[in-house]
Structure formats: structure tokens, C-alpha cells
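Here numbering that gives the first Met the number 0 is used: position 162 in the sequence shown is 161, and no number is missing along the way.
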Amino acid sequence: MIDLADVTVRFDDVTAIEDVDLRIDDGEFVTVVGPSGCGKTTLLRTIGGLQEPTTGRVRIDGKPPAAAQAGADLGFVFQRHTLFQWKTALENVTFLRRLAGGEPNEADARSLLETMGLEGFADARPGELSGGMRQRVAIARALHLGADVLLMDEPFGELDEITRDELGVEIRDVWRRERKTVVFVTHSVPEAVFLADRCLVVCGQPGRIEAAYEIDLPEPRDADVFGSRAFQEQVATVRRTLHEAHDRDGERDRGRDR
């Protein structure tokens, strides 16, 4: 379980997120969506222990994030894949587990690459792979680490729309099998709704959790879901919340300037 209590993060005179209270249960897939500059990445980094809160408390299974990192209980996937260019896809997948003091399982690593649609590419280096394929390797690497919690910061942000949709289906399928706890940050409302059990809408400066929506869509989720009425209605609800919060914040800011 991930638990944030009254968390605020400030950088000098700028407050990035303020008074955030959040609980994420084991095995839950939570997406975080909002406009640029609202503190989504700061929230994710704070959960993962990459950013210390100015005030408040963060716990992962009752432990500070640093302790969860030390125990290899956290896996990260970023927008830029951070693969080692001189290592093969297979070597990249097994590297973090070896670095954390674990024993890499080559058969498991190969199976993960195949699960992510990379059968036949185990010996390829990142420069020989497309952007989508490199992100697949990065996701397989995080899974091979064996972490119970995956923190994903716009991992599809630099990919084309078709590749994003394909990877979304693959990630959701992997999650259904593995039941990891996932926190996934994105700018894309459709992506946030498609992937989530629960979608958090983050708005404002400083950032706050404006709303949280339980997402009810059929399983397994595939490309057909994108055209369904239930999907479109939930996308519209999240989008409306974002626009209403944006308009309200704009009115408040204009009132301060008067």
C-alpha cells in the first residue's frame, strides 16, 4: 500500500504540490492526469523517494520510500528509456536485478521480452530498436526487477498514437497477470481512462488532487474499448473536470490581479 499524508513539496518560492492525501491499495492501477506544470511528476517522484516532501509523510508498505528502493520494491519507467546503449535488450533487462544484488533469471527476462512483443530482439542494442521497442525493453526491465510497485512517468510521451495504444493494451494485459501496484502519469485523458482502475485528476499551481474516478470498463481491455460508449463517457467526465478546474483557477488568479 502507498500512503501519502498531508504532503507538500516546495522548491524555493514555488509550491509544486500542496496538502496531498492519497492511499493506493496493493495491486491497484492508478493513473494521474493533468495539465503541464500541475505537479504530476513531482507527485510521482515524491512517492518514489526521488524527491523529499517539504512537509508530510510518504510510506510504501509502512516503510519510507528510501527503504522500499533499497529492497528493490520500486521499479521506475521514465519518458526517456535510460537504456544502456552498449548492452543488448536482454542485458538491459537483467542489469538492474544484478545491480540490486539479485540473481538475474535469463529465461524469465527472455519471456518478458516476448510478452512485450520483442521476440527475436533479445540480442539487439537500443540503437537498433524503434522508440516503442526501447520503451518495451524499459518496461520489461522494471518487471524483471521483481518490484511490487511500478512508477511510470509518461513512458509513452514520445511515441506515436498507434504505438501508444498498442503499448497501453500490453501494459494492461501484463498488469492483469502480475497484479503489480502501478502509478502511471500521463497528459492523455484517453490513455489515463483506458489504463486505470482509478484515475486521479491533478490541477492547479500548486497541484492538488481535484477528483478521483473509479473506471468501469470491460476486461480484458483491448483496442475495441476505445470506441465504446462507456469509454467515451468516462473520458468526457475526466476532461470536463479538467476544464472546469482550469476555468475556476483562471478566475481566481484574475481576481488576485485586480
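Where is the CB? At the ideal position from N, CA and C, for every residue including glycine.
Check	Outcome
Figure out for me which residue from 241, 201, 225, 217 has the closest Cα to the Cα of residue 37.	201
Could you tell me the distance, in whole angstroms, from the CA atom of residue 208 to the CA atom of residue 199?	7 Å
Classify residue 86 as helix, strand or coil using the three-state DSSP reduction.	coil
Would you mind listing the beta strand (DSSP E) stretches within the stretch 141-207 that are 3+ residues and don't spill past its ends, in chain order?	148-152, 180-185, 197-202
Pick helix, strand or coil for residue 18, following the three-state DSSP scheme.	strand
Do you know whose CA, among 92, 96, 106, 104, lies nearest residue 124's CA?	92
I need the straight-line Cα distance from residue 138 to residue 118, nearest angstrom please.	15 Å
Does the pairing of the stretch 128-135 with the stretch 35-49 give three or more beta-carbon distances under 8 Å?	no
Can you name, in chain order, every residue of its own chain whose Cβ lies under 8 Å from the Cβ of residue 83, other than the five neighbours on each side?	90, 91, 94, 125
Thinking C-beta only, is residue 191 closer than 8 Å to residue 74?	no
Starting from residue 4, trace the beta strand (DSSP E) both ways and give me its first and last residue.	1-10
By Cβ distance, which residues of its chain are closer than 7 Å to residue 24, with the 5 residues on each side in sequence left out?	0
If you follow the beta strand (DSSP E) that residue 111 is part of, which residue opens it and which one closes it?	Careful: residue 111 lies outside any beta strand (DSSP E), inside the alpha helix (DSSP H) at 105-114.
DSSP state of residue 74, grouped into three classes?	strand
Using alpha carbons as the reference points, say which of 148, 149, 183 lies closest to residue 155.	183
Go through its chain and collect everything with a Cβ distance to residue 68's Cβ below 7 Å, but skip five positions before and after it.	48
For residue 226, count neighbouring Cβ atoms within 10 angstroms of its own Cβ and tell me buried if that reaches 16, exposed if not.	exposed
Flag this pair as yes or no: are the beta carbons of residue 168 and residue 220 separated by less than 8 Å?	yes
Pairs of beta-carbons, one from the stretch 171-182 and one from the stretch 11-19, closer than 8 Å: are there three or more?	no
Can you tell me which of 120, 113, 162, 237 puts its alpha carbon nearest to the alpha carbon of residue 142?	113
Quick one: grab the DSSP three-state call for residue 210.	strand
With DSSP as the reference, identify every bridge partner of residue 54, one or two as the case may be.	7
With distances taken between CB atoms, is the gap from residue 63 to residue 241 smaller than 8 Å?	no
Measure from the alpha carbon of residue 233 to the alpha carbon of each residue in 247, 215, 222, then state which is nearest.	215
Would you grab the beta carbon distance between residue 3 and residue 21 for me? Rounded to a whole angstrom, and I think it's under 8 Å.	4 Å
I'd like the list of long-range same chain contacts for residue 109, defined as Cβ closer than 8 Å, with 5 residues on each side in sequence excluded.	89, 121
Can you check which of these residues, 193, 228, 212, is closest to residue 218 by C-alpha distance?	193
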